[in-house]
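In this note's numbering, the protein residues as written are 3 to 386. Glycine included, C-beta positions come from ideal geometry on N, C-alpha and C. Heads up, the thing below is written out as structure tokens.
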């Protein structure tokens, strides 16, 4: 490597190290579609000297090969764009490198992991989250690459399907976050640490739960107000591996809402009424409006997304599940896709709402501060 290249390499590395020093969540888009790695920094009380900095959640992994639902003649798809990450082993390496740069994984001689520093781990993936039973979200071949000791949190039908793989030791059905139980802490199932929960948002009119969302809530930000902790529920017998320093208190939470098909914006009022309060850090919802003919809406797209963002006021609205895949089968003949831009959606919303606040808050143009961020295939963001 010549001197200018070496200097650039060092500058880039230093910039990454400075970004990681903020100890904020990291979001990595692993393909052009809807596979993600969410890295949540563990709270200071859960990080021992030399132990890992991040808790890593792999979401809906599908990297290579085709996917088919019902039968190939009915529906089959392939990625049109090669995934930035081609295997679970590459996800593991990404997480390992992030730990090294963040200082949570010290290297011994020969730049090999120092076992005395807690680096002798079988996997850097701490949990897998599956949003739907459809095989572009619950892809068997990809999931079988994941270490069998990693706990899987899946929606009910997806959990049943994953059980049939006879691979994972721990498979848990994701509980539903409801108006009658709006406390994120009560949905923290072991073996998750007590400062993290994975639950599901559903719409009352959606009996098949096609338009639902994963709600990943975590209390790791040092400047959010504290709230009393509640007793945790569990469908497992794991001890809590990452206890907080004070079991009687827990900080208010941030959350990431992941909805690959979209969720009706009216179903998100439960977030605004959460107790303790939930601050939406990132909202993953696509822009493309996808349907089968004129009868069945698949992906709700930008029109719903812009209304949902006005309810949530997420710091980051990030696109997902907008890859135009190659495919075949009968379904492909009837598939209709309209590609919206944020500008188009805001103009539509202004006309529909007459420039009136949908939530009764604020003055002026309610759409002025709506922002959308495209995190491309292989790109990452620090969620500050």
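With a cutoff of 9 Å on beta-carbon distance, residue 42 and residue 27 are scored as near each other. Counting only runs of 4 or more residues that sit fully inside the segment 139–164, the alpha helix (DSSP H) segments are 142–145, in chain order.
In this structure, DSSP gives residue 220 an extended state, which the three-state scheme calls strand. DSSP, reduced to helix, strand and coil, places residue 344 within a helical segment of the structure shown.
Listed in chain order, the non-local C-beta contacts of residue 85 below 6 Å within the same chain comprise 33 and 65, local neighbours out to five positions each way being set aside. For residue 268, the three-state secondary structure derived from DSSP is helix. Around residue 324, the same chain offers 288, 289 and 290 as residues with beta carbons nearer than 7 Å, after the five sequence neighbours per side are excluded.
Remark: C-beta atoms of residue 303 and residue 375 do not approach each other more closely than 9 Å. Here residue 195 is buried, its C-beta having at least 16 other C-beta atoms within 10 Å. Rounded to whole angstroms, the separation of the alpha carbons of residue 131 and residue 149 is 14 Å.
Under DSSP, residue 291 forms a beta bridge with 340.
With respect to the C-alpha of residue 283, the residue from 69, 151 and 254 having the closest C-alpha is 254. Burial check for residue 306: the Cβ neighbour count within 10 Å reaches 16 or more, so the residue is buried. Contact between residue 204 and residue 211 holds, since their C-beta atoms are separated by about 5 Å, short of 8 Å. Per the Cβ contact rule, the segment 142–157 is in contact with the segment 166–174 (3 or more Cβ pairs under 8 Å). Where residue 312 is concerned, the enclosing alpha helix (DSSP H) starts and stops at 303–314. DSSP places residue 276 outside both helix and strand once states are collapsed to three, so it counts as coil. Contact annotation: residue 30 and residue 386 have beta-carbon atoms that are not nearer than 9 Å. In this chain, the beta strand (DSSP E) harbouring residue 39 covers 38–43. In terms of CA proximity to residue 184, 280 leads the group 280, 309 and 145.
As the crow flies, the alpha-carbon of residue 138 is around 9 Å from that of residue 68. Around the beta carbon of residue 99, fewer than 16 other beta carbons lie within 10 angstroms, which makes this residue exposed. Take the alpha-carbon of residue 35 and the one of residue 182: they are about 34 Å apart.
Look at residue 210 here: in three-state DSSP terms it is coil, with no helix or strand label. In the structure shown, the three-state DSSP call for residue 123 is coil. For residue 201, the secondary structure class from DSSP, reduced to helix, strand or coil, is strand. Between residue 276 and residue 186 the beta-carbon gap is near 7 Å, inside 8 Å, which marks them as a contact. In this chain, the beta strand (DSSP E) harbouring residue 174 covers 173–175. CA-to-CA, the gap between residue 342 and residue 215 works out to about 21 Å.
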